[in-house]
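Student: So my numbering is basically just the index in the sequence shown, starting at one, shifted up by 39. Heads up, the beta-carbon is just placed ideally off N, CA and C, and yes, glycines get one too. As the structure is a prediction and not an experimental result, all values here were calculated from the model. Could you have a look at this structure, given as C-alpha cells, before my questions?
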Amino acid sequence: MLAATPHPECFNLRRQQVLAWMHSQGGGIAIVPTAPERTRNRDNHHSYRHDSDFYYLSGFSEAQAWLVLIAGDTDQSILFCEDKNPEVEIWTGVRWGPASAADHFGFNQAHALEDLNTRVTDLLIGQRNLFSTLSRPAHPELLKQLNDWLTAARASVRDTRALPQQWHDLSEVLAELRLLKDASELATMRAAAKISAQGHVLAMQAARPGCHEYELEAELLYHFRKHGAQSVAYDSIVASGANACVLHHRAGNSVLQDGELVLIDAGCELDGYASDITRTFPANGRFSGPQRALYDLVLAAQLAASEKTSPQYHFNVGHEAAVNVLTQGLLDEGLLQGTLEQALETAAYRRFYMHRTGHWLGMDVHDVGSYRSPPASDQDRPWRQLRAGMVLTIEPGLYVRPAPDIAEKFWNIGIRIEDDAVVTETGCELISRGVPVAPDEIEALMRSRS
Ligand code: ZN
Ligand code: MG
C-alpha cells in the first residue's frame, strides 16, 4: 500500500479520457483488474505491488480490486474492493472498504469484492462492447473471468444480442495516455530520481577494494527506504570487474578488487513511479588510463544522445547519435578496424554495445508505449516523434570481454552511464544528475570518503 495517494482528481480525469475513447468506439463496459498477490514461498507473499494500468485509472493500491467503467447514457466508474473486516485487518492492516474508497477516490459506486460476480454479470447486460486490458492483463485469470461472467450473463438473458458482441483492447489506449506524464507524475519522478541519485552517491562513497557487491546494494536500499521510497523499481545491479560485462548481474558475493570498475544500475520506486540510474566508477577511486578512455567515450555518447532527445527528433535519433560516437571511439582505440562508414554498415559496435540507448520510464521501469508511431497494427511504422512530457532513459555503454584480438588492457571493462530524461519543449532535462557523472567529479567524490 502506498504511503500517500496523490491528487484523487487526476485519476478521475484519466477515467474520463478512457470513457471518452470508449464512447468513440460505440460505448460499453470496461473491466480492469489490479495485480493479484503472489506467493513467494509457503505462507509468505512477495511484497504487494498494484498493477500500473489499474493504478493509473484508480489511484487505488490495495490487492483484490477491480475497476468497472460504463460508457453509456450516464458514465459510471465503479470500484470493487475488499470489504472492511476488523478481525482480518488486525492481521493484514487497515483497508479502505467500499464506502470510504468511493468517497476518497471519487468513484460513482464502490462495492465489496463478494458482490463482484453478480454485479458484473448484471452490468454486462445491455452493453454493446466489452473493453479490457487484453494485451497486458494484470490478472492471469482475466480472460477466464470475462468468459465466466459472459456465460453467467448469457444464462439470464433471452436474447444474447443484449450482451457485448465485440471485445476491445484498452492496453494501447492506456499506453498512449501513460506515455505523456502530467505535472504530478513528473514531480513524483523527479523526487524518485533525486532519492536514487543520492543513493548512488552513498554507494560510491562506501566503495573500496575488499568490500562486497552486496554491501553497496545495502547502502542503496537503506537510502531508498530511509527517504520514503516503497521499493526498488527493479533488482539492483552491482557488478564489479568482469561482472559488469554481464548485463543483468544481480548484486552478489563478489569482492571489489583494486584496479577494477564497479557498475551500479539501481533506482527506487516512489509512490508508484520508477527511477533508473547507472553509474560506473573505479573501486579504488582512480580510473586507469584504459578505463578512463572508454569511460570518456561512453560519456560522450550519452551527451550526443541527450542532445538529440528533443521534440525536434524521433525516438531513435539519440540511439543513432550514441552509436556513431561509440563506433568512432572504438575505431580510435583500435577495438574496431576499418572506416566509420564500414563499421556502421556492419553494426560492428554490437560486439561491445548490445543494447539500445534508452527506454520509456514511468510507473514501470520499462514503461508502456510503442517506440513507433501508432497504430500498433502497422508493422512498418516510422519511429515515434518525441514530445514534451515523455520520460526516457539515456544509457549508452561498452562491454569488453576478453578475446585474443582485443588488447588486454581493455579486458573485462564494462561501463554504462544512465540518466533519466524528461522531454521538454526545447530539448530534455536530466533529472538524475544528483550523482556526478564526470570522471573528475567521481574521483573527487571518492577522495572525500571517510
Ligand atoms: Zn534503464
Ligand atoms: Mg537501468
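If you draw a straight line from the C-alpha of Leu209 to the C-alpha of His266, how long is it?
Tutor: Counted from its first residue, the sequence shown places residue 209 at position 170. Counted from its first residue, the sequence shown places residue 266 at position 227. Going by the C-alpha atoms only, they are around 35 Å apart.
Student: Would you check if there are 3 or more beta carbon pairs closer than 8 Å linking the segment 210-222 to the segment 437-452?
Tutor: The segment 210-222, when compared against the segment 437-452, does not touch it at the 8 Å Cβ threshold.
Student: What separation, rounded to the nearest whole angstrom, lies between the Cα atoms of Ala43 and Met228?
Tutor: To locate residue 43, count along the sequence shown from 1; it is residue 4. To locate residue 228, count along the sequence shown from 1; it is residue 189. Caution applies to Ala43, whose pLDDT of 48 falls short of 50 and renders its modelled position unreliable; the model cannot decide the point.
Student: Buried or exposed for Gly373, going by 16 or more other Cβ atoms inside 10 Å?
Tutor: Walking along the sequence shown from the start, residue 373 turns up at place 334. With fewer than 16 Cβ atoms within 10 Å of its Cβ, Gly373 is classed as exposed.
Student: Would you kindly work out how many angstroms separate the C-alpha atoms of Trp207 and Ala361, rounded to a whole number?
Tutor: Numbered from 1 along the sequence shown, position 168 holds the residue referred to as residue 207. Numbered from 1 along the sequence shown, position 322 holds the residue referred to as residue 361. The sequence given here has His at residue 207, not Trp. Distance between the alpha carbons of His207 and Ala361 is about 39 Å.
Student: Rounded to the nearest angstrom, what separates Ser97 and Leu383 at their Cα positions?
Tutor: On the sequence shown, position 58 is the one that residue 97 refers to. On the sequence shown, position 344 is the one that residue 383 refers to. Distance between the alpha carbons of Ser97 and Leu383: 47 Å.
Student: Do you know offhand how far Val476's Cα is from Ser63's?
Tutor: Looking up residue 476 in the sequence shown gives position 437. Looking up residue 63 in the sequence shown gives position 24. Approximately 48 Å, taken between the alpha carbons.
Student: When the Cβ atoms of the segment 394-403 are set against those of the segment 318-338, are three or more pairs found closer than 8 Å?
Tutor: With a cut-off of 8 Å, the segment 318-338 and the segment 394-403 do not count as touching, because too few Cβ pairs lie within range.
Student: Examine the Cβ distances between the segment 298-305 and the segment 108-121 and report whether three or more of them are shorter than 8 Å.
Tutor: The segment 298-305, when compared against the segment 108-121, does not touch it at the 8 Å Cβ threshold.
Student: Nearer than 8 Å: is that true of the beta carbon of Glu457 relative to any heavy atom of the ligand MG?
Tutor: The residue given as residue 457 occupies position 418 in the sequence shown. For the ligand MG, at least one heavy atom lies less than 8 Å from the Cβ of Glu457.
Student: Given 8 Å as the limit, tell me if Glu256 has its C-beta closer than that to any heavy atom belonging to the ligand MG.
Tutor: For this step, residue 256 is matched to residue 217 along the sequence shown. The answer is no for Glu256.
Student: Closer than 8 Å to a non-hydrogen atom of the ligand MG - does that hold for the CB of Asp274?
Tutor: Looking up residue 274 in the sequence shown gives position 235. No, the Cβ of Asp274 stays beyond 8 Å of every heavy atom of the ligand MG.
Student: For the ligand ZN, enumerate in chain order all residues having a CB closer than 5 Å to any of its heavy atoms.
Tutor: So the residues near the ligand ZN by this Cβ test are Asp315 and Thr432.
Student: Nearest to Leu202 by CA position, among Leu342, Gly67, Pro414 and His143, is which residue?
Tutor: Mapped onto the sequence shown, residue 202 falls at position 163. Closest by alpha carbon: Gly67.
Student: Assuming Leu425 contacts Phe354 under a Cβ cut-off of 8 Å, what Cβ separation, rounded to an integer in Å, is found between them?
Tutor: Working through the sequence shown from its first residue, we reach residue 425 at position 386. Working through the sequence shown from its first residue, we reach residue 354 at position 315. So it is a contact: roughly 6 Å between Cβ atoms.
Student: How about Val277: is its Cβ closer than 8 Å to a heavy atom in the ligand COA?
Tutor: The model on display carries the ligand ZN and the ligand MG but not the ligand COA.
Student: Can you tell me the Cα-Cα spacing of Thr465 and Glu126, whole angstroms?
Tutor: Within the sequence shown, the letter at position 426 stands for residue 465. Within the sequence shown, the letter at position 87 stands for residue 126. Cα-Cα distance, rounded: 56 Å.
Student: Since Ser345 contacts Ala460 with CB under 8 Å, what's their CB separation in whole angstroms?
Tutor: Looking up residue 345 in the sequence shown gives position 306. Looking up residue 460 in the sequence shown gives position 421. Right, their Cβ atoms sit about 6 Å apart.
Student: Answer with buried or exposed for Thr78, where buried requires no fewer than 16 other C-beta atoms within 10 angstroms of its C-beta.
Tutor: Within the sequence shown, the letter at position 39 stands for residue 78. Looking at its Cβ environment, which holds fewer than 16 other Cβ atoms inside 10 Å, Thr78 is exposed.
Student: Got a sec? Which residues, its chain only, sit under 6 Å from Ala305 by beta carbon, not counting five neighbours each side?
Tutor: Residue mapping note: residue 305 aligns to position 266 of the sequence shown, counting from 1. Same-chain partners within the cutoff: Leu259 and Ser275.
Student: Applying the 10 Å Cβ sphere with the 16-neighbour rule, what's the burial state of Trp135?
Tutor: Within the sequence shown, the letter at position 96 stands for residue 135. Answer is buried; the Cβ neighbour count reaches 16.
Student: Spatial neighbours of His358 within its chain, please: C-beta separation below 8 Å, excluding the five flanking residues on both sides.
Tutor: Position 319 of the sequence shown, counted from the first residue, corresponds to residue 358. Ala344, Arg395, Thr396 and Gly397.
Student: How far does the alpha helix (DSSP H) with Arg486 in it extend, from its first residue to its last?
Tutor: The residue labelled residue 486 in the question sits at position 447 within the sequence shown. Residues Pro478 to Arg486.
Student: Run the CB neighbour count on Asp198, radius 10 Å, all protein chains shown included, and call it buried at 16 or more, exposed below.
Tutor: Here residue 198 is taken as the residue at index 159 of the sequence shown, counted from 1. Exposed: under 16 other Cβ atoms inside 10 Å.
Student: If contacts are defined as beta-carbon pairs under 8 Å, then Ala231 and Tyr312 qualify, I think. What distance do you get, rounded to the angstrom?
Tutor: Here the question's residue 231 lines up with position 192 in the sequence shown. Here the question's residue 312 lines up with position 273 in the sequence shown. 5 Å between Cβ atoms; contact.
Student: What distance in whole Å lies between the Cβ atoms of Tyr392 and Leu365, which are believed to be in contact at a cut-off of 8 Å?
Tutor: Translated into positions along the sequence shown, residue 365 becomes position 326. Translated into positions along the sequence shown, residue 392 becomes position 353. Yes, they are in contact, since the Cβ atoms of Leu365 and Tyr392 sit about 6 Å apart, within 8 Å.
Student: Identify every run of the alpha helix (DSSP H) within the segment 364-420, keeping only runs that are complete inside it and at least 4 residues long; order them along the chain.
Tutor: The qualifying runs are 379-384.
Student: Near Met40, which residues of its chain fall below 6 Å by C-beta distance, leaving aside the five closest residues on each side in sequence?
Tutor: Position 1 of the sequence shown, counted from the start, is the residue given in the question as residue 40. At Met40, the pLDDT of 41 sits below 50, so the modelled position is not reliable; the number obtained from the coordinates is stated separately. These residues qualify, in order along the chain: Ser100.
Student: Applying the criterion that 16 or more other CB atoms from any shown protein chain within 10 Å of the CB defines a buried residue, is Thr385 buried or exposed?
Tutor: Walking along the sequence shown from the start, residue 385 turns up at place 346. Classification of Thr385: exposed, given that the 10 Å Cβ count is below 16.
Student: Output needed for Gly11: all residues of its chain with C-beta closer than 6 Å, excluding positions within five of it in sequence on either side, in chain order.
Tutor: There is no way to answer for residue 11, as the model of the chain reaches only from 40 to 489.
Student: Would you mind giving the Cβ-Cβ distance between Asp310 and Ala177, rounded to the nearest angstrom? I have them listed as a contact below 8 Å.
Tutor: Here residue 310 is taken as the residue at index 271 of the sequence shown, counted from 1. Here residue 177 is taken as the residue at index 138 of the sequence shown, counted from 1. Not a contact, Cβ separation roughly 19 Å.
Student: May I ask you to report which of helix, strand or coil DSSP gives Ala42?
Tutor: As a working mapping, residue 42 is identified with position 3 in the sequence shown. Bear in mind that a pLDDT of 43 at Ala42, under 50, signals an unreliable position, so the number given afterwards is only what the model happens to contain. Coil.
Student: With DSSP collapsed to three states, give me the class of His207.
Tutor: Stepping through the sequence shown from its first residue, residue 207 is reached at position 168. Three-state DSSP puts His207 in a strand.
Student: Return helix, strand or coil for Leu295, following the three-state DSSP convention.
Tutor: Start at 1 with the first residue of the sequence shown, and residue 295 comes out as number 256. Of the three classes helix, strand and coil, the one that applies to Leu295 here is coil, per DSSP.
Student: So which of Asp161, Glu180, Leu218 and Arg167 has the shortest CA-CA distance to Ala194?
Tutor: Here residue 194 refers to the residue found at position 155 of the sequence shown. With distances taken between Cα atoms, Ala194 lies closest to Asp161.
Student: If you follow the alpha helix (DSSP H) that Val240 is in, where does it begin and where does it stop?
Tutor: To locate residue 240, count along the sequence shown from 1; it is residue 201. Ala222 to Ala245 is the extent of the alpha helix (DSSP H) around Val240.
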